[in-house]
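Chemist: Chains as they are written, first to last, in this note's numbering: chain A, 1 to 252; chain B, 253 to 504; chain C, 505 to 756; chain D, 757 to 1008; chain E, 1009 to 1260; chain F, 1261 to 1512; chain G, 1513 to 1764; chain H, 1765 to 2016.
Protein chains: 8
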Amino acid sequence: MNPTDLRGLLDQVGQGNLSPDEAVKRLRDLPFENLGHTRVDHHRTLRNGFPEVIYGEGKTADQVVEITRSLYGKNQTVIVTRTGEGQPEALREAFSGAVHHPEARMVVIGNSKPGAKVGCVAVLCGGTSDIPVAEEAAVAAEALGSRVERAFDVGIAGLPRLLAELDSLRQANVIIAVAGMEGALPSVVAGLVEAPVIAVPTSVGYGTSMSGLTALFAMLNSCADGLSVVNIDNGFGAGYQAHLINRMASKK
Amino acid sequence: MNPTDLRGLLDQVGQGNLSPDEAVKRLRDLPFENLGHTRVDHHRTLRNGFPEVIYGEGKTADQVVEITRSLYGKNQTVIVTRTGEGQPEALREAFSGAVHHPEARMVVIGNSKPGAKVGCVAVLCGGTSDIPVAEEAAVAAEALGSRVERAFDVGIAGLPRLLAELDSLRQANVIIAVAGMEGALPSVVAGLVEAPVIAVPTSVGYGTSMSGLTALFAMLNSCADGLSVVNIDNGFGAGYQAHLINRMASKK
Amino acid sequence: MNPTDLRGLLDQVGQGNLSPDEAVKRLRDLPFENLGHTRVDHHRTLRNGFPEVIYGEGKTADQVVEITRSLYGKNQTVIVTRTGEGQPEALREAFSGAVHHPEARMVVIGNSKPGAKVGCVAVLCGGTSDIPVAEEAAVAAEALGSRVERAFDVGIAGLPRLLAELDSLRQANVIIAVAGMEGALPSVVAGLVEAPVIAVPTSVGYGTSMSGLTALFAMLNSCADGLSVVNIDNGFGAGYQAHLINRMASKK
Amino acid sequence: MNPTDLRGLLDQVGQGNLSPDEAVKRLRDLPFENLGHTRVDHHRTLRNGFPEVIYGEGKTADQVVEITRSLYGKNQTVIVTRTGEGQPEALREAFSGAVHHPEARMVVIGNSKPGAKVGCVAVLCGGTSDIPVAEEAAVAAEALGSRVERAFDVGIAGLPRLLAELDSLRQANVIIAVAGMEGALPSVVAGLVEAPVIAVPTSVGYGTSMSGLTALFAMLNSCADGLSVVNIDNGFGAGYQAHLINRMASKK
Amino acid sequence: MNPTDLRGLLDQVGQGNLSPDEAVKRLRDLPFENLGHTRVDHHRTLRNGFPEVIYGEGKTADQVVEITRSLYGKNQTVIVTRTGEGQPEALREAFSGAVHHPEARMVVIGNSKPGAKVGCVAVLCGGTSDIPVAEEAAVAAEALGSRVERAFDVGIAGLPRLLAELDSLRQANVIIAVAGMEGALPSVVAGLVEAPVIAVPTSVGYGTSMSGLTALFAMLNSCADGLSVVNIDNGFGAGYQAHLINRMASKK
Amino acid sequence: MNPTDLRGLLDQVGQGNLSPDEAVKRLRDLPFENLGHTRVDHHRTLRNGFPEVIYGEGKTADQVVEITRSLYGKNQTVIVTRTGEGQPEALREAFSGAVHHPEARMVVIGNSKPGAKVGCVAVLCGGTSDIPVAEEAAVAAEALGSRVERAFDVGIAGLPRLLAELDSLRQANVIIAVAGMEGALPSVVAGLVEAPVIAVPTSVGYGTSMSGLTALFAMLNSCADGLSVVNIDNGFGAGYQAHLINRMASKK
Amino acid sequence: MNPTDLRGLLDQVGQGNLSPDEAVKRLRDLPFENLGHTRVDHHRTLRNGFPEVIYGEGKTADQVVEITRSLYGKNQTVIVTRTGEGQPEALREAFSGAVHHPEARMVVIGNSKPGAKVGCVAVLCGGTSDIPVAEEAAVAAEALGSRVERAFDVGIAGLPRLLAELDSLRQANVIIAVAGMEGALPSVVAGLVEAPVIAVPTSVGYGTSMSGLTALFAMLNSCADGLSVVNIDNGFGAGYQAHLINRMASKK
Amino acid sequence: MNPTDLRGLLDQVGQGNLSPDEAVKRLRDLPFENLGHTRVDHHRTLRNGFPEVIYGEGKTADQVVEITRSLYGKNQTVIVTRTGEGQPEALREAFSGAVHHPEARMVVIGNSKPGAKVGCVAVLCGGTSDIPVAEEAAVAAEALGSRVERAFDVGIAGLPRLLAELDSLRQANVIIAVAGMEGALPSVVAGLVEAPVIAVPTSVGYGTSMSGLTALFAMLNSCADGLSVVNIDNGFGAGYQAHLINRMASKK
């Protein structure tokens, strides 16, 4: 599907080094491995710059281990998110290098050496209850290779707590702002900094928080510029995109 | 319906000064005057402390003038809100003292002398487009007898604009904070002051502003305390309640 | 952030009594204490007139005790709302003065002497199922220093029950009206009294009660004036704002 | 489809008075007349006790006249609701007995002699803006043969206006209560009377009135018993059902 | 609140048989008895024609018994709906005549002799899962004094099942049609009969059934006339109103 | 109700072979058998081409066995969907030929011989979590008599996985595309094939997946043609309709 | 992208008949022609079995003519749906064979000879106001090559009108059932026939019709099997899929 | 508010170069200029890296010119978005360098020389109707200083059109993907590229497009990683954030 690869294949066919039948077959077989319940996409590292991430929710511990094994065999870092019951234990038993981050509900397996992190991603959250989502974002960005600065419980009802972090926020290439309830934190932050802000609404709140929809909609309606938004409670998605941006900003 | 009055009536009946039949009749006739399309409630000043307000929308200019005349004949200040086409003109023609506030879409008729205002109600709004609703609140509170301080276009995306008003905000007995879009202004304000804050969501915004529902829900979910909320675009309701509070605070 | 304080600091700097570096540091350090998971805001009493309230839901008993200790050390009344499992017990063990209000799901710690209450806040509710929310409002206002009058199960389907309370309602500086289902109680009350009414929708009901949204929307759409609204089931928020208003009305 | 008729047909077939083919044909032809755009259902009077009603909205004046002619030829009273532009004029030109009720947006054609009305249907509405819907209900019930008592602008914000009507309300066999905004009128009424109440929400209001959904939901959630509800602004539907009930109550 | 009673009281006062003070007191004391958590409304039988119904959900078994005792002492039939855990047992222990209807989740206490039922209320439901709601309606109407005919599992996907009941349906004074999912049963029924139809949406279904909202909205939008609707799963409300109508139709 | 049958009955009546009374009775008795809680519709095979399907959810194991017995006695294949606790076991005990498909939550009883399947229905799904719904569709189509090809975990985030299945997809007479989250799979598929596509949204996802509404709405809004949609998680409905189409396409 | 074509191209490259560069270019250039605002997809006939359809809404008359010209030059039938102002006139001026269907808001250009239609698609609608959507479905199916039978105004409130069409409905290979308001028509139809039913909700109705959402949800929740649904008012989509099914059923 | 500036000010005060009073004044006066209706924020370039953008909607042409003049006097590029009636003309009359982009509804004033653009932002859209929003994004990014590549009408229903752009997409530092209806384009793109993707839902569609909410929710639920989302139709917001990212990636 990748035009560049397609060109390469065609060149080989034209040079007689590859039969047309074989070429069609390769195009089919290359990208993934079919485990029955799941098609593991080994091609993704080339295509997207990072291996497929395993979403743990709704999978059995055995399925998660099997998929991890298929990916890990190719010598990559593997990330498992939203780990369900028994999954962290099963993964740690199967892979000696597996690290469990309970608050973030993630397991990371592979050679994520702390010293090698690049750039800076700042992760903020409004209240104590938003920490699990903020941790998911932070651990994700770290596992992918970014340096992360955390500042939790800096919600807008006590503005001085946030303003005291401004100096540090201004060092970051990208800021992840996590908030539930009225979801105003990313708007206030985006009005004070130059870096792009990725807003993460959380399902924290009750009544008209509408399980996070209010925070989501408020963030999308921000009167500040430079802000984009991910799904409710999607810390991983924010950490992933923040890393893509931070990595670019950190290349010389 | 008013127990006090009921007691009075019963006393008169018991003293033989009033026949039971007459008493029943009075209870019925006192409170309002039936214009056919509208029942004008003259009793309300006693019951609620302020005369009925005329909601202009959906009424003809003639109906509004007729209701105003019925109320005004009892020597009260009359307020007409959400004035529709032709209503301000008709009212100014019919009543020499009628003052039209076009931005607030209101007409006020009566003896609202500027010098006599009491206390202080602060009215803030986030952006230029919120001004009509903020003006409705401000004019309402003034017409009812409160002194009003306005600070418009102090939205949270440019926090310094708001912070510069803090000294002045802290003089107010009650603060009305009007905002559309993400609706975060009242939360930020309530986190910085001691006075009660009445939040007014506006229908300003697009997409996920949901015609003001997002601002409304965000305000109701505020992580700050001391805040209550009125209907979307209901500047009058905020001004009315703010006056009730300010009046109490201003009594010695 | 507080301009007055800022002025004070600047004066000291100008007088050579404070170095600029120290001034910046103080601005940062003054307002709060970082417990890791939570930033306790000691400055809030100066800024808002009352200490931060601890929202128990989603916190561990240990976290709640730790935050309470940090606040209580400064000699203030501490309020914990929406207490979760084990929290009341842990708090009562840690603080001898802790009083648990089980129906209101609150714990109050400190010198809230019953005799010292000021003014009058009336708390009404429509039905038996609304009592927990009404109690949360009542206990909050009492803990903050207001005298409270309760009248429960006075819903509009049996109007005489409400009308019998009118005399007593008219003594209050502010009325909190709590109702679920169709949420009409605050509208009926606001049409009969002069005081501001704070409406609290509850999630009581089924089907089209939409978990309290219908009561909320009905209250916001009230055809009566003088009414504002807080979030669904937010008894504390209503009690807090009612106290702010009652305190002002009770000052001589 | 009507078992009784089916039985009659089968009897005739069994007696040799009707051929099976003819029987099938009659079953098909009896019930309606196909005008191309509309199938006029002449059978309905037998089946439902009243002729089909013509919903004017979205039809041309010519179509409405054509359908009316088809129905009227069978000597029935014809009702046209939600009349659109030009329809009332066209109907009055085509049928000398056509009476136009502009506020109700209806045209009634036929022998609806005022003297012959039976029983009593009470029609209430909360505010001036609800009158068109209330009139639709009232005119419908009258056209179908019920006596109607109207009491408009008796909303709950001014309770005495409603209570003054109680004597008269208690004469009615069925009460139609029309209200927009918070939609509390039917609940208050149902708590005070013995007759069944048909509640009609209107789209009057703004913001959280949600185009009438809030009033609808509030009515469905009424804490009073004896109440059922029709669609938003569906005055006709309320008038129709009220007549069915009133007619039964009025039969000796 | 009852003008007739008011008149009676006033007459007595006017005749000197009652002091004004006593009159005010009576007006207050007559209607209800305050149990603390609940105000029992003894006056309701006079006002509404039937005693207050006890909604079991959210009450303790003890509260329910206490309220029942207060009502039952006045020699009335008492109905408890939505009985929660332990309530049926507690009621049957406390009142020898208590009858438990488990499918309907109701307990009826008093002299509801089967032979004395009047008129006819037909209760239909679309599917097996709708039976609990249909039973609630049927038991309610029976407890109040109506004769009830049941026809369950007659949904529109198998139209012949419904049509076979037509003869019997046409004997009823009022029809209760209960349906979940697409909620079309009441519309089809209302198109085939002359009697008023009370539609009850149920929360049966999944996905776009939206917990019953779809059935509710479909019923309110019925293209058939003569139909009104109660809240989702509100079998009792339908049975209550059906009885009011059937009773009127059955009076000679 | 079936005109053809009706005609046949009438012919017999006309020929004197059947009395009218008997004809009416047959019409009533033929279609279904009343088990009290359920009316089993034996006529359906004639009318719809396939026997009634038993929806297990909300029924007891005994009820399901009883209904199955009533249907199975007529020598048909019986399908039970959404089997609840204990139902599969009870059915397998009662019917030796019962086959349980746990992932699809279905039990199939009868002579569904694998060799006899006709045509081809392709069943795709986006992710591992969508498999239960996809299996429900696949097992349903197979039980009804269609040959089924499955391709699971071919979501659009890894397009090559889907494109590798194109050859095989193009053999199918009809394609069922199952997807949760953003629900884009059916749109992408419909843009690449000639066969009709039946889209099945699933409730897989979180936050703005809105329990499957987002996938549903996205599928209905597809910019590709040739696509129709069934309810959220309704695998059976898709399998049923796909079989109807495939059977027609497979007839010579 | 089409594996078959890809194979052909690769064969040619392997045989030296095509250079790799040229092959890549062809893959890119074949499928579409870039008009700047629109990419016309000529490849679609091969891929999907029918040319791209032009959606008129939001395009200028000139754009529509230009796209039509690009498609028509390849000798195909061209369909323009939802024609906006001036488009029908412009198309008829530019293409002599253009036929305008005003009720369906469509223009069809090409050789759609009436005699050549295959099979049978039945198109039903509930009421007069649903006709435009039903016509869009009917004209679409006809333009694509299907024979169409129409039966309009057969809504379920007058069931005999629908039942009289049963014989004719049973001739159809596929049935399109169009309905607004409560949207029950497709459910009733699907319960009576063997053919697959495509349901089309319309935005006809008011209040709780929710602009067609209620009909849509009701159709998706049908208690009848064999039914799938398209977007609100999407007559074209229904006609298109119906044709795909009818064509397969009509092939020998 | 800016700690850096605050530090600078404090240094000056400490050095006796600035009086405390003057320092407070500067902090207040620096940031903005009060035009009455609007507070122009000159400080923003320092704080956010780009001047305030003027949102034209709901402002008069005169207000827009006045605000532009205030900003432009400081020698900056000024951007006006969502220009309303008369605004483009007024701006071009007032500022000779004003360039009007009618499709994007924007006016750009200042020295945006085409040659100086950096990096690469790719802007895609699904269909012809999405072009205005895509243009808003493209013009915004260009005006801020980014090089932009456009590829319009590459929706997923004709996948080859999109795949043909892959080579070019892979050159971009960030991709803006604009789509209405089912909103699947960004998900498909994010699965094929390495760069971060900013998704922009549009309000294009009908029925279940829910004015763009469906596309928005689908994008937030993407099964692909590396994607964030802005408000419905918010092309400017996407262009702004894309520029922030592209600028960082382009710095050496």
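In this text, a Cβ means the ideal position worked out from N, Cα and C, and glycines have one as well.
All values derive from a computational prediction rather than experimental measurement.
(1) Would you report the Cα separation of N1002 (chain D) and I736 (chain C), rounded to the nearest angstrom?
(2) CB-CB under 6 Å to A1606 (chain G), same chain, minus the five flanking residues each way: which ones, in chain order?
(3) By Cβ distance below 7 Å, which residues in the same chain neighbour T83 (chain A) in space, the five residues on each side in sequence not counted?
(4) Examine chain F for any beta-carbon lying closer than 9 Å to the beta-carbon of D1745 (chain G), and answer yes or no.
(5) Using beta-carbon positions only, say whether G183 (chain A) and T208 (chain A) come within less than 9 Å of one another.
(6) Quick check: what's the CA-CA separation for G362 (chain B) versus L496 (chain B)?
(7) Are the segment 950-967 of chain D and the segment 1697-1708 of chain G touching by the rule of at least three beta carbon pairs closer than 8 Å?
(8) So G310 (chain B) contacts chain D; which residues on that side make the cut at Cβ distance below 8 Å?
(9) Take A641 (chain C) as the anchor and find which of C:T572, C:I571 and C:T706 has the nearest alpha-carbon.
(10) What residues from the segment 1844-1862 of chain H come within 7 Å of chain B, judged by C-beta to C-beta, listed N to C?
(11) Find the nearest neighbour of G379 (chain B) within the set A:A224, A:L18 and A:A242, judged by alpha-carbon distance.
(12) Please state whether DSSP places R1178 (chain E) in a helix, a strand or coil.
(13) Measuring alpha carbon to alpha carbon, tell me which residue in C:C624, C:S650, C:T581 and C:A645 is nearest Q675 (chain C).
(14) For T572 (chain C), does the three-state DSSP call read helix, strand or coil?
(15) Could you check what DSSP says for E341 (chain B) in three-state terms: helix, strand or coil?
(16) State the start and end residues of the unbroken beta strand (DSSP E) segment that holds L1636 (chain G).
(17) For D1175 (chain E), would you say it is in contact with chain G, using Cβ-to-Cβ distances shorter than 9 Å as the test?
(18) From the DSSP output, in three-state form, read off S1027 (chain E) for me.
(19) In the DSSP assignment, what residue or residues form a beta bridge with T1845 (chain H)?
(20) Once the 5 residues before and after V874 (chain D) are set aside, which same chain residues still bring their CB inside 8 Å of it?
(21) Check for me: the beta strand (DSSP E) holding S1006 (chain D) runs from which residue to which?
(22) What would DSSP say about L983 (chain D), mapped onto helix, strand or coil?
(23) Any idea which residues DSSP pairs E639 (chain C) with across the strands?
(24) In or out: G1472 (chain F) buried (at least 16 other Cβ within 10 Å) or exposed?
Modeler: Walking through what the data contain:
(1) 40 Å
(2) V1577
(3) G56, R105, M106 and V107
(4) no
(5) no
(6) 19 Å
(7) no
(8) T884, S885 and V960
(9) C:T706
(10) none
(11) A:A224
(12) coil
(13) C:C624
(14) helix
(15) helix
(16) V1630 to C1637
(17) no
(18) coil
(19) H:Y1819
(20) G901, S902, R903, N1002, R1003 and S1006
(21) First-last for S1006 (chain D): G991 to S1006, but that is the alpha helix (DSSP H), not the beta strand (DSSP E).
(22) strand
(23) Beta-bridge pairing links E639 (chain C) to no other residue.
(24) buried
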